[in-house]
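Novice:
Number of protein chains: 2
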Amino acid sequence: MHFTSEQRLDDGTLERAFVLDGIPGILWTPASAPVPVPLILLGQTPLGLGTMYPRLVGRARRAAADGFASAAIELPGSGERPRRAAAGQARAEVRRAMQAGEPVGEETVDALILPLVDKAVPEWQAALDALLALPGIDGPVGYSGGVISIGVRLAAVEPRLAAAGLFAGSLVPRAIIEEARRVTIPVHVLLQWDDEGNDRQAALDLFDAFGSKEKSLYANMGGHTGVPEFAGEAAAQFFDRHLK
Amino acid sequence: MHFTSEQRLDDGTLERAFVLDGIPGILWTPASAPVPVPLILLGQTPLGLGTMYPRLVGRARRAAADGFASAAIELPGSGERPRRAAAGQARAEVRRAMQAGEPVGEETVDALILPLVDKAVPEWQAALDALLALPGIDGPVGYSGGVISIGVRLAAVEPRLAAAGLFAGSLVPRAIIEEARRVTIPVHVLLQWDDEGNDRQAALDLFDAFGSKEKSLYANMGGHTGVPEFAGEAAAQFFDRHLK
Numbered sequence: 263m264h265f266t267s268e269q270r271l272d273d274g275t276l277e278r279a280f281v282l283d284g285i286p287g288i289l290w291t292p293a294s295a296p297v298p299v300p301l302i303l304l305g306q307t308p309l310g311l312g313t314m315y316p317r318l319v320g321r322a323r324r325a326a327a328d329g330f331a332s333a334a335i336e337l338p339g340s341g342e343r344p345r346r347a348a349a350g351q352a353r354a355e356v357r358r359a360m361q362a363g364e365p366v367g368e369e370t371v372d373a374l375i376l377p378l379v380d381k382a383v384p385e386w387q388a389a390l391d392a393l394l395a396l397p398g399i400d401g402p403v404g405y406s407g408g409v410i411s412i413g414v415r416l417a418a419v420e421p422r423l424a425a426a427g428l429f430a431g432s433l434v435p436r437a438i439i440e441e442a443r444r445v446t447i448p449v450h451v452l453l454q455w456d457d458e459g460n461d462r463q464a465a466l467d468l469f470d471a472f473g474s475k476e477k478s479l480y481a482n483m484g485g486h487t488g489v490p491e492f493a494g495e496a497a498a499q500f501f502d503r504h505l506k
Numbered sequence: 263m264h265f266t267s268e269q270r271l272d273d274g275t276l277e278r279a280f281v282l283d284g285i286p287g288i289l290w291t292p293a294s295a296p297v298p299v300p301l302i303l304l305g306q307t308p309l310g311l312g313t314m315y316p317r318l319v320g321r322a323r324r325a326a327a328d329g330f331a332s333a334a335i336e337l338p339g340s341g342e343r344p345r346r347a348a349a350g351q352a353r354a355e356v357r358r359a360m361q362a363g364e365p366v367g368e369e370t371v372d373a374l375i376l377p378l379v380d381k382a383v384p385e386w387q388a389a390l391d392a393l394l395a396l397p398g399i400d401g402p403v404g405y406s407g408g409v410i411s412i413g414v415r416l417a418a419v420e421p422r423l424a425a426a427g428l429f430a431g432s433l434v435p436r437a438i439i440e441e442a443r444r445v446t447i448p449v450h451v452l453l454q455w456d457d458e459g460n461d462r463q464a465a466l467d468l469f470d471a472f473g474s475k476e477k478s479l480y481a482n483m484g485g486h487t488g489v490p491e492f493a494g495e496a497a498a499q500f501f502d503r504h505l506k
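Here the protein sequences line up with chains C and D, keeping their order. When we follow the numbering used here, the leftmost residue of the first sequence carries the number 263, and every step to the right adds one. When we follow the numbering used here, the leftmost residue of the second sequence carries the number 263, and every step to the right adds one.
1) Going along the chain, which unbroken runs of the beta strand (DSSP E) with 3 or more residues stay wholly within the region 428-462 of chain D?
2) Pick from C/Ala325, C/Trp455, C/Arg444, C/Pro286: whose alpha carbon is nearest that of C/Val299?
3) For C/Gly516, count neighbouring Cβ atoms within 10 angstroms of its own Cβ and tell me buried if that reaches 16, exposed if not.
4) Any idea which residues DSSP pairs C/Gln269 with across the strands?
5) Rounding to the nearest angstrom, what Cα-Cα distance links D/Val379 and C/Gly310 in this structure?
6) What residue does the beta strand (DSSP E) around D/Ser340 start on, and which one ends it?
7) In terms of residue numbering, what span does the beta strand (DSSP E) encompassing C/Ser411 cover?
8) Short check: CB of C/Ala430 to CB of C/Ile410, under 8 Å?
9) Can you have a look at D/Asp283 and say buried or exposed, based on whether 16 or more other CB atoms are within 10 angstroms of its CB?
10) Does the beta-carbon distance from D/Leu452 to D/Ala497 come in below 8 Å?
11) Taking buried to mean at least 16 other C-beta atoms within 10 Å of its own C-beta, is C/Gly427 buried or exposed?
12) Is D/His264 helix, strand or coil when you go by DSSP?
13) Counting contacts by CB-CB distance shorter than 8 Å, is D/Phe429 in contact with chain C?
14) So the candidates are C/Phe280, C/Leu271, C/Arg345; which of them puts its Cα closest to the Cα of C/Val319?
15) In whole angstroms, what is the alpha-carbon distance linking C/Ala348 and C/Asn460?
16) Using a Cβ-Cβ distance under 8 Å, would C/Ala425 count as near chain D?
17) Residues in the region 300-325 of chain C with C-beta within 7 Å of chain A's C-beta atoms, listed in sequence order?
18) Closest to C/Ala333 by C-alpha separation, out of C/Leu301, C/Gln361, C/Ile285, would be which residue?
19) What first and last residue would you give for the beta strand (DSSP E) that runs through C/Leu289?
20) Are the C-beta atoms of C/Glu476 and some chain D residue less than 8 Å apart?
21) Within a Cβ cutoff of 6 Å, which residues of the same chain sit near D/Arg321, ignoring the five residues on either side of it in sequence?
22) Along the chain, where does the alpha helix (DSSP H) that runs through D/Leu309 open and close?
23) For the beta strand (DSSP E) containing D/Pro300, name the first residue and the last one.
24) For D/Ser340 and C/Ala493, I'd like the C-alpha separation in whole angstroms.
25) Helix, strand or coil: which one does DSSP assign to C/Val383?
26) Closest to C/Gln454 by C-alpha separation, out of C/Thr446, C/Val445, C/Thr266, C/Leu466, would be which residue?
27) What is the rounded straight-line gap between the Cα of C/Phe330 and the Cα of C/Leu374?
28) List, in order along the chain, the chain C residues whose C-beta lies closer than 9 Å to that of D/Phe492?
29) With 8 Å set as the bound, which would you pick, yes or no: does the beta-carbon of C/Asn460 sit closer than that to a beta-carbon of chain D?
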C-alpha cells in the first residue's frame with residue numbers, strides 16, 4: 263500500500279489516497295486520535311470512487327466525527343479499473359427487464375453480482391490486512407453500505423468484521439441469501455420500502471436469512487436515494503454500539 | 263373526568279388516576295412544565311391497567327423526561343370493566359389454534375379484534391376531549407403502542423392525532439389493513455421479527471398499506487417482549503421529531 267496524496271478537510275479529517283496492488287482507495291482518519299481508532303469499511307456502488315466521492319466523503323466525515331477511521335476501495339470493473347466483460351451483457355439485460363416492467367431473471371442477477379462478489383471480497387480482505395497494519399488504526403472493524411451482496415459475503419467469511427450496516431438497495435442472488443445464514447455478527451439493514459428498482463421481497467428474504475442474534479431492519483420511505491437523515495443516525499448509533 | 267388520586271414519582275413526574283364516564287385512567291405530567299406540553303396516548307393490552315402498570319409507568323417516565331404528558335385508559339373488557347361476552351370464545355379459539363400450530367382463522371381474528379376497536383376508539387376520543395381541556399396539556403397528540411388495530415383506526419379517524427408509534431405484535435383483521443390506507447400521519451412501526459405468536463406477513467401487509475408519506479418499520483430480534491433498548495430510543499426520537 264502506498265499513499266499517493268494527502269489533504270486535511272475543513273473539519274480536520276485527514277484524507278489520504280492510496281494504491282494497493284493496483285487498486286485505488288481512500289483512507290480517512292479523525293482530526294486527532296490519541297489512541298488507535300476502530301475502522302469502518304465504506305462499501306460503494308459500481309459508479310466508481312470518483313462519482314461516489316461526494317457521498318463517500320460525507321459518510322467519512324461522519325465516521326471521523328464519531329471517532330472512526332474509514333476507507334473505500336475501487337470495485338472491480340469500476341473507475342479506472344478494467345471493465346468486467348460479462349457484466350456489460352448482464353447490465354444491459356437488467357436495463358431491458360426494468361424498462362419492460364419485468365422481474366430480472368435469476369440467471370441475470372447471478373451473472374451480474376456473483377463474479378463481482380467473488381473478486382471484490384478478497385480485495386477488501388487484502389485492504390483490511392494493509393489498513394490494520396497502519397499505526398493509529400485498530401479493530402474492531404465494521405462494514406457499511408455499498409453493494410449488499412459484497413457485505414453479506416464479507417460478513418460471512420471475514421472473522422475480523424464485528425458489525426455490518428447494510429443497504430438493501432441492489433439485486434441479491436439466491437446464493438447470497440443462503441450465505442447470509444452463516445452470518446452471526448450484528449447486522450443493521452436499511453431498506454427503502456418504495457425503492458421501485460429494488461426487489462423488496464428478496465431484501466426481506468435476505469434479512470430473514472441472517473443467522474445473527476442481533477439483526478435490525480429499518481425500512482423507510484423516500485425512494486432509492488432518499489434515505490431519511492434519522493435512518494442515517496440510527497446506522498451511526500449501530501456502529502457506536504458495536505465498534506466501541 | 264374526575265381525579266381519584268395523585269402522587270409524585272421519585273423523578274418528579276405527577277401521576278393522577280382518573281375516572282371518565284366510568285372508565286379508569288391514569289395521567290402523567292412532567293415535573294415542571296412552564297408551558298403546555300404535547301400529549302402521548304399510551305395504548306396497552308387487554309391484560310389491564312393494573313397488570314400493565316409497571317411497563318406503562320416506565321413509558322410515562324420516559325415521556326415526561328422528554329417533555330410530554332401521557333395518559334392511559336382501561337380497555338373495554340379489561341381490568342375492573344365488564345368482560346366482553348364474545349371475546350372469551352374468540353380468545354379460546356386463538357389459544358386452540360396456536361397450541362395446534364395452526365394459523366388463526368380470519369373470522370376469529372375479526373371476532374376478537376373488531377368489536378374491541380369499535381368500542382375503544384370512541385373512548386380514546388372522549389378521553390382526548392377531556393385531556394386536552396386540562397390546563398397544562400396541549401397538542402400535538404401522539405398515540406403509542408398497545409393493540410395495533412386500535413392505533414390504526416384512531417390514526418385513520420382522529421384528526422387531532424399528529425403521529426403514531428405502533429407495535430406490530432397482535433393479530434390484525436384484513437379490514438384494519440384496508441383502513442390503514444386512509445392513514446396519512448407519520449407512522450413508526452416496531453416489529454419483533456422473531457415474535458412467534460405474531461403473523462409477520464400481516465404486519466408487513468399492514469405497514470405496506472399505510473398511506474403516510476413518512477412511515478418507518480423497525481424490525482428487531484428478541485421475541486414478543488424483547489424489544490431492544492435502542493428500538494425504544496428510536497421510537498422516542500420519532501415522537502420528538504413530530505410532536506415538538
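The C-beta atom is built at its ideal place from N, Cα and C for all residues, glycine as well.
Specialist: Let me lay it out:
1) 449-454
2) C/Ala325
3) This structure leaves residue 516 of chain C out entirely; chain C is present only between 263 and 506.
4) C/Glu277
5) 53 Å
6) No beta strand (DSSP E) contains D/Ser340, which DSSP labels as neither H nor E.
7) Here C/Ser411 belongs to no beta strand (DSSP E); instead the alpha helix (DSSP H) covers 410-419.
8) yes
9) exposed
10) yes
11) buried
12) strand
13) no
14) C/Leu271
15) 22 Å
16) no
17) No chain A appears in this structure, whose protein chains are C and D.
18) C/Leu301
19) 285-291
20) yes
21) Leu304
22) Looking at the DSSP string, D/Leu309 is not in any alpha helix (DSSP H), and its letter there is neither H nor E.
23) 299-304
24) 37 Å
25) helix
26) C/Leu466
27) 32 Å
28) Ser478, Ala496, Gln499, Phe500, Arg503
29) no
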